[in-house]
Amino acid sequence: MTGRMVARVGLGFFLWTLAQAGPVAAGPTDTPLPTFSDSKAAVSVYIAAGVIKNNNLETDVICTNIDTVPVDIGLEVFDETGALRNSIAAGSGAMLNVGVGKTVTVGTAGTAELHEDQVITLNAAGNATTVLRNGSGRVVATSKNLICTAAVVDKVHTVLDPATSSLPPPSLAQLQLVKLP
Amino acid sequence: MRLLTAILGLGATLGLVATAGAGITDTPLPTFSDGHAAQVVALVPGVIKSDAIETDVICTNLAPAAVDVGFEVFDVAGVRANRVSTGNGALLAVAPGRTVTIATGGTAVMHEDATIALEAPVTEIANGSARVVATDVRLACNAFTVDSLHTVESPNKCSTCKPPTLANLGLSYVAASPPPPPPPPSPCPATPRSGCRKPAGPGRAMVLLKDRTPDELDTLLWKWTGATPTAKADFGDPFTTTGYALCVYDHTGGTLTRRFGAAMPFGGTCGTRPCWKNTTTGYVYVDSARTPDGVAALTLHAAGSAGAKLILQGKGAHLPLSGLPLTTPVTVQLSSDNGPCWSADYSSPTLNNTGNFKAKSD
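Below, the structure is given as structure tokens:
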């Protein structure tokens, strides 16, 4: 068998292997659910398309615990390839033991205008960049009894009194969340 | 005569326009350039492509297979301004989990994967609408109107630079909401396997199920002691080929019906260690994260003269427990991939209510 034939057989086997492989878990629906660092398992509560961390725009998710017991709450973000870019198990994007009635904000970074309790550190998976141009997200928690909203926020501007400042206010837009049953 | 012809022609044209589908609800759905038919995913009011404002729609594929995604925009009169069928406003074969953006034009602050070129007679959309179409309705999307010119600059660098105008358009899903993703396939067959090994006698297998609120408190315990010798080789190779599933069936509707299953896949890493461990007499599976289905531990213990001993423990929200009480008799099986199974029947539970099922085997 010539070297070229071996290479062809090898390439054929490689392509066959790719064809046999099942879909890789990716994105907010089929990526396995995480476990919080206190060993409590998470369930999916909301999904968001359009999570952005790019060009000084960041994404904040604000959730209120409406359960009767404290819950762990986390925000998982995925880049445009569907790769999970933070680890709830490692505490990135997670708030543990959020009391009944309490509200917490998890953001892709700190912003000048809004308050964040926890910010996400992106890992090197997926596109391995430090931005989410075109991302998605998943709110996870130890209970489904949360209400959340999300916003895309300009991270550098604040609202200042126009009588004393000519600086413009920040860009701010709601991000529609999809509540999962 | 020429004037009459023109009038008749104009009248005929108007008549055609009047009867043609228009707008986001009654314009016929397109077919993508790869021949796949489109369905409506979501409707978007307030689409603008005018005065340096563009509209971006960002969608994530929640379906388990690749989908074609398109964004059709309509002007104030309901005239469609782009043809997805020619690729204008379409992205093909978007993989599961991926997120893409289609827009009426490029913007300085957002990222766009595809931009729409308005087609005649539409040259501007001051007051339009749109629909997201795709080959599968399982998409999650957001739509924004975006100032196409400005970017967000730090006021420390540019105190006169104004950030862009940005607003969410509040799209409406045509299905009540994006349909929830299908439940993962059960690791268990629809009906119990036949030919499974049986326990050594009455009471030599037990099962305990606790369905609690919150689900974190759900519990599963199954113990089984066999009647016939079992070799370690009967357990297969859990490191490379042999996964396991615990399957629970009851008599809902009068026939044996699968109620739930919990998988223990072969191989894998649980935390920082391999999920499976070799022992002198068999194998042990330990997963402190209890994924995918809530199983924390499984012990497979072979025995020469007496039968094998099998012990499975599960806990937490990943356990697919629901729908107690069960309809007796109940069958619980531990099934190995392409190998033996171990089964027990339970006709007389000591507990069988909305929160608990506890029984010793027949």
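Residue numbers (this note's numbering), protein chains in the order written: chain F, 1 to 181; chain Z, 1 to 362.
Yeah, the Cβ is synthetic: ideal placement off N, Cα and C, and Gly gets one too.
Just so it is clear, the structure is predicted and the values come from calculations on it, not from any experiment.
6 Å Cβ shell around residue i - same chain, five flanking residues per side excluded
{"i": "isoleucine 62(F)", "result": "Thr105 and Thr149"}
{"i": "serine 129(Z)", "result": "Ile24, Pro45, Val47 and Phe74"}
{"i": "leucine 160(F)", "result": "Leu167"}
{"i": "alanine 388(Z)", "result": "Outside the displayed range of chain Z (1 to 362) lies residue 388(Z), so it cannot be described from this structure."}
{"i": "tryptophan 276(Z)", "result": "Pro238, Phe239, Tyr283 and Tyr285"}
{"i": "asparagine 127(Z)", "result": "Val76"}
{"i": "lysine 102(F)", "result": "Asn65"}
{"i": "alanine 205(Z)", "result": "Pro199, Trp224, Ala344 and Ser361"}
Which residues DSSP lists as bridging residue i, in chain order
{"i": "asparagine 61(Z)", "result": "Leu139(Z)"}
{"i": "serine 343(Z)", "result": "Gln333(Z)"}
{"i": "histidine 301(Z)", "result": "Gly282(Z) and Lys309(Z)"}
{"i": "glycine 137(F)", "result": "Ala48(F) and Val77(F)"}
{"i": "lysine 179(F)", "result": "Tyr46(F)"}
{"i": "leucine 122(F)", "result": "According to DSSP, which records beta bridges pairwise, leucine 122(F) is partnered with nothing at all."}
{"i": "glycine 128(Z)", "result": "Val47(Z)"}
{"i": "arginine 80(Z)", "result": "Phe74(Z)"}
{"i": "alanine 357(Z)", "result": "Position check: residue 357(Z) holds phenylalanine in this sequence, whereas alanine was assumed. BP columns for phenylalanine 357(Z) point to Leu209(Z) and Asn352(Z)."}
{"i": "leucine 146(F)", "result": "Asn65(F)"}
{"i": "leucine 118(Z)", "result": "Answer is none; leucine 118(Z) lacks a bridge partner."}
{"i": "arginine 292(Z)", "result": "The displayed chain sequence assigns proline, not arginine, to residue 292(Z). Its beta-bridge partners do not exist; DSSP assigns none."}
{"i": "aspartate 147(Z)", "result": "Ile53(Z)"}
{"i": "leucine 182(F)", "result": "With chain F covering 1 to 181 only, the question about residue 182(F) has no answer from this structure."}
{"i": "glycine 107(F)", "result": "Asp60(F) and Val119(F)"}
{"i": "serine 172(Z)", "result": "Leu43(Z)"}
{"i": "aspartate 113(Z)", "result": "Bridge partners of aspartate 113(Z): none, in fact."}
{"i": "glycine 35(Z)", "result": "DSSP, once it has assigned bridges, lists no residue as partnering glycine 35(Z)."}
{"i": "arginine 273(Z)", "result": "Cys270(Z)"}
Residues near residue i by beta carbon distance below 8 Å, same chain, minus five either side
{"i": "threonine 242(Z)", "result": "Phe235, Gly236, Phe266, Ser336, Asp337, Asn338 and Gly339"}
{"i": "alanine 140(Z)", "result": "Cys59, Thr60, Leu62 and Pro178"}
{"i": "asparagine 168(Z)", "result": "Asn142, Ala143 and Phe144"}
{"i": "valine 69(F)", "result": "Val100 and Ser143"}
Beta-carbon spacing of residue i, residue j below 8 Å
{"i": "glutamate 80(F)", "j": "arginine 133(F)", "result": "yes"}
{"i": "valine 152(Z)", "j": "valine 57(Z)", "result": "no"}
{"i": "aspartate 211(Z)", "j": "leucine 321(Z)", "result": "yes"}
{"i": "valine 77(F)", "j": "alanine 141(F)", "result": "no"}
{"i": "leucine 244(Z)", "j": "leucine 334(Z)", "result": "According to the sequence as given, residue 244(Z) is tyrosine; it is not leucine. Yes, the Cβ-Cβ distance between tyrosine 244(Z) and leucine 334(Z) is below 8 Å."}
{"i": "aspartate 68(Z)", "j": "alanine 95(Z)", "result": "no"}
{"i": "glutamine 39(Z)", "j": "valine 109(Z)", "result": "no"}
{"i": "aspartate 72(F)", "j": "aspartate 38(F)", "result": "yes"}
{"i": "alanine 365(Z)", "j": "isoleucine 125(Z)", "result": "The structure shown has nothing for residue 365(Z), since chain Z only spans 1 to 362."}
{"i": "valine 207(Z)", "j": "alanine 359(Z)", "result": "yes"}
{"i": "alanine 231(Z)", "j": "proline 199(Z)", "result": "no"}
{"i": "asparagine 156(Z)", "j": "isoleucine 116(Z)", "result": "no"}
{"i": "arginine 103(Z)", "j": "glutamate 54(Z)", "result": "A quick correction: the sequence has alanine, not arginine, at residue 103(Z). Yes, Cβ-Cβ distance for alanine 103(Z) and glutamate 54(Z) is below 8 Å."}
{"i": "alanine 317(Z)", "j": "alanine 128(F)", "result": "no"}
{"i": "threonine 291(Z)", "j": "proline 32(F)", "result": "yes"}
{"i": "threonine 354(Z)", "j": "leucine 256(Z)", "result": "no"}
{"i": "leucine 246(Z)", "j": "asparagine 356(Z)", "result": "no"}
Between the CA atoms of residue j and residue i - distance to the nearest angstrom
{"i": "arginine 85(F)", "j": "isoleucine 52(F)", "result": "13 Å"}
{"i": "glycine 22(F)", "j": "alanine 66(Z)", "result": "Residue confidence is low: glycine 22(F) scores 39 on pLDDT, short of 50, so the model does not pin down where it sits. Its coordinate-derived value is still stated next. Computed Cα separation, rounded: 13 Å."}
{"i": "serine 361(Z)", "j": "tryptophan 222(Z)", "result": "11 Å"}
{"i": "threonine 99(Z)", "j": "leucine 312(Z)", "result": "40 Å"}
{"i": "glycine 78(Z)", "j": "alanine 22(Z)", "result": "5 Å"}
{"i": "threonine 5(Z)", "j": "threonine 27(Z)", "result": "For threonine 5(Z), the predicted structure reports a pLDDT of 45, less than 50, and the residue's modelled location is therefore unreliable. A value from the coordinates is still provided. Roughly 29 Å separates the two Cα atoms."}
{"i": "aspartate 250(Z)", "j": "glycine 203(Z)", "result": "18 Å"}
{"i": "valine 100(F)", "j": "asparagine 145(F)", "result": "10 Å"}
{"i": "proline 229(Z)", "j": "threonine 279(Z)", "result": "17 Å"}
{"i": "threonine 35(F)", "j": "aspartate 67(F)", "result": "19 Å"}
{"i": "leucine 351(Z)", "j": "proline 274(Z)", "result": "36 Å"}
{"i": "asparagine 54(F)", "j": "valine 332(Z)", "result": "52 Å"}
{"i": "valine 156(F)", "j": "serine 154(Z)", "result": "5 Å"}
{"i": "threonine 101(Z)", "j": "cysteine 188(Z)", "result": "39 Å"}
{"i": "alanine 366(Z)", "j": "valine 84(Z)", "result": "Chain Z is shown from 1 up to 362; residue 366(Z) falls before or after that span and cannot be answered."}
{"i": "valine 131(F)", "j": "alanine 124(F)", "result": "11 Å"}
{"i": "threonine 328(Z)", "j": "leucine 92(Z)", "result": "50 Å"}
{"i": "serine 50(Z)", "j": "cysteine 161(Z)", "result": "21 Å"}
{"i": "histidine 36(Z)", "j": "threonine 135(Z)", "result": "7 Å"}
{"i": "serine 288(Z)", "j": "leucine 175(F)", "result": "35 Å"}
{"i": "arginine 197(Z)", "j": "cysteine 341(Z)", "result": "6 Å"}
{"i": "threonine 368(Z)", "j": "alanine 94(F)", "result": "There is no way to answer for residue 368(Z), as the model of chain Z reaches only from 1 to 362."}
{"i": "isoleucine 88(F)", "j": "serine 136(F)", "result": "15 Å"}
{"i": "alanine 391(Z)", "j": "threonine 225(Z)", "result": "The structure shown does not extend to residue 391(Z), since chain Z is modelled only from 1 through 362, so no value can be given for it."}
{"i": "glutamate 58(F)", "j": "alanine 26(F)", "result": "22 Å"}
{"i": "glycine 304(Z)", "j": "threonine 281(Z)", "result": "10 Å"}
Cutoff 7 Å; reference residue i; Cβ partners in own chain excluding five residues on either side
{"i": "threonine 121(F)", "result": "Asn86 and Ser92"}
{"i": "histidine 115(F)", "result": "Thr105"}
{"i": "leucine 319(Z)", "result": "Asp218, Leu220, Ala262, Asp293 and Gly294"}
Mind listing, in chain order, the continuous alpha helix (DSSP H) runs of no fewer than 4 residues lying wholly within the segment 193-271 of chain Z? With a minimum length of 4 residues, there is no unbroken run of alpha helix (DSSP H) contained wholly in the segment 193-271 of chain Z.
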